[in-house]
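The numbering of the sequence shown is numbering that gives the first Met the number 0, which starts it at 0 and goes up by one.
A short worksheet on the structure shown next.
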Amino acid sequence: MKFFIDTADINEIRQAKQLGILDGVTTNPTLVSRVKRPYIEVLTEISREVDVPVSAEAISTECDGMLKEARDLAKIGPNINIKIPLIEEGLKAVKILSGEGIKTNVTLCFSSIQALMAAKAGATYISPFIGRLDDIASEGMDLVDEIVTIYNNYGFATEVIVASIRNPLHVKHAALAGAHIATIPFSVFKSIIRHPLTDMGVAQFLEDYKKIPG
Ligand code: G3P
């Protein structure tokens, strides 16, 4: 299973990279807006910082506009893939971009049938947003289970990125569902590692070590 970080904050990306288990970065306009610097500048810095896939979102809602943006964004670096919203115009763009060898991450996916359409269009990645489904009392993880089953049924190469992750349980369930990737906010990245029994155990061992005669 691959771990991506869901952020546009270069310091968070650097810290996650130092852990040695960072497989990719996903951004969106909301995340980039928090950095308060120009869009392309932020994405260029991220693309150069890592040698793993980086998702950069197209803003247009028309196929032609998405294609132009995607081709421009793809020039930032070879690790850039283009986030395209799961709308009709988006699917058209994904099909064309896939033919051009430009990788896509189809985003804002909220149903397994939408995910099937994205895979048929040639999406590199599909991003079901599970936290936002949980927010409206829908089972976000059921969506991931369905997509994984459908993709396995037909052998689609599209990789499932579980997105809109809010807590460590989301990551655990994504792994149990067999999702290829979880894209994880930095705060969750850190909380996954920690366990109070581990901390207590380390403290106890240090204390007991002091009792060993030299
Ligand atoms: O990158 C997209 C996704 O992870 C957004 O998460 O928390 O805004 O629903 P959230």
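From the three backbone atoms N, C-alpha and C, an ideal C-beta is built for every residue, glycine too.
Owing to the predicted nature of the structure, the values given are computational and were not obtained by experimental measurement.
| message | Quick check: GLU56 and LYS35, are their CB atoms within less than 7 Å of each other? | response | no
| Residues bridged to ASP5 [DSSP beta-bridge criterion] | THR25
| How far does the beta strand (DSSP E) with PRO195 in it reach, from first residue to last? | Where PRO195 is concerned, there is no enclosing beta strand (DSSP E), although the alpha helix (DSSP H) it sits in stretches over 195 to 209.
| task | Decide if ASP5 is buried, meaning its Cβ has at least 16 other Cβ atoms within 10 Å, or exposed. | result | buried
| query | Would you say the beta carbon of SER59 comes nearer than 6 Å to a heavy atom of ligand 1? | reply | no
| message | Can you look up THR182 in the DSSP assignment and give me helix, strand or coil? | response | strand
| query | So is THR157 buried or exposed if we call it buried at 16+ other beta carbons inside 10 Å? | reply | buried
| Do ALA120 and VAL93 have their CB atoms nearer than 7 Å? | yes
| task | Report yes if the C-beta distance between THR43 and ILE9 is below 7 Å; otherwise report no. | result | no
| So, GLY139 versus ARG165, is the Cβ gap smaller than 7 Å? | no
| said: Under 6 Å: does the beta carbon of GLY130 sit that close to some heavy atom of ligand 1? | reply: yes
| query | So what does DSSP say about ALA136, is it helix, strand or coil? | reply | coil
| query | Hey, does HIS169 have any beta-carbon neighbour from chain B nearer than 7 Å? | reply | Included in the structure is just one protein chain, with no chain B present.
| Per DSSP, VAL51 forms a beta bridge with which residues? | According to DSSP, which records beta bridges pairwise, VAL51 is partnered with nothing at all.
| task | Starting from THR103, follow its DSSP beta bridges and name the residues at the other end. | result | ILE81
| request: Run the proximity test for ALA25: is its beta-carbon closer than 6 Å to any non-hydrogen atom belonging to ligand 1? | output: The amino acid occupying residue 25 in the given sequence is Thr; Ala does not appear at that position. Within the cutoff, so yes.
| Is the beta carbon of MET65 sitting closer than 7 Å to the one on LEU90? | no
| query | Quick one: does the C-beta of ASP280 sit closer than 6 Å to a heavy atom of ligand 1? | reply | Nothing about residue 280 can be reported from this structure: the residues present for the chain run from 0 to 213 only.
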